[in-house]
Amino acid sequence: MEFSDEVLDFFKGRKIVLVMTFDEEGSIHSAVKGIVQIEREGKIVIVDLYCGRTLRNLQREPRVSVAAIDEEHFIGYTLQGKAKIIPQWEIHKSFIEKWQDHLVARISERVISSVRRGRKSKEIFEAHFPQHPKHLIEIEVENIINLSVRLEHGQPF
């Protein structure tokens, strides 16, 4: 499946996404993850810093959904597909560099935002994130759901 420019640009602008998997009872498990790469050809690569429920769920059941919204513009999408786990020893150096660049940008944005607001951040959480992801989640997208609010005659429908 190929991403449209609209979907591609939307996800390139996201720092984090919500990843949904299924646990052993079939219940939905949601976790916040960071995007490392999105490819027009319908592939998205996500960083998973912890070896927790998301990893265990995907090892058992590779079906996954990735959702993100822009609440200011009422735009959002859910990407549904199949996940493949890429273990740490198989992660290409370019992904590690992208992740480290992502961390530096997030820390910088948090500090700058705090300075502009004249408030001190209680903590810069990103500074405690691992420099090397435990693994990556590579998702081959099979379906896209548009969550955007559409208007008809000026009213949502």
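Here the sequence shown is numbered in my numbering, starting from 1493 and rising by one per residue. Ideal placement from N, C-alpha and C gives every residue a C-beta, glycine not left out.
If you draw a straight line from the Cα of K1507 to the Cα of S1586, it is about 18 Å long.
Straight across, the Cα-Cα distance linking H1627 with A1523 is about 15 Å. The C-beta separation of V1537 from K1525 comes to about 10 Å, leaving the pair out of contact by the 8 Å criterion. Counting only runs of 3+ residues, the beta strand (DSSP E) found wholly inside the region 1563-1597 occupies 1567-1579, in chain order.
W1581 sits exposed, since fewer than 16 C-beta atoms from the chains shown fall within 10 Å of its C-beta.
Looking at S1605, I1530, L1639, the one whose alpha-carbon comes closest to that of V1633 is I1530.
For the pair of segments examined, the region 1595-1610 was found not to touch the region 1563-1575: the number of CB pairs separated by less than 8 Å stays below three.
Per the DSSP secondary-structure output, K1525 pairs in a beta bridge with V1509. Straight-line spacing of the CA atoms in I1578 and E1630 works out to 7 Å. Between I1636 and L1571, the CB-CB gap stays under 9 Å. Look at E1533 here: in three-state DSSP terms it is coil, with no helix or strand label.
Taking C-beta atoms under 8 Å as the contact rule, E1553 and F1514 qualify, at a distance of about 5 Å. For the 9 Å CB-CB criterion, L1550 and V1556 form a contact. In the displayed model, V1603 falls within a helix according to three-state DSSP.
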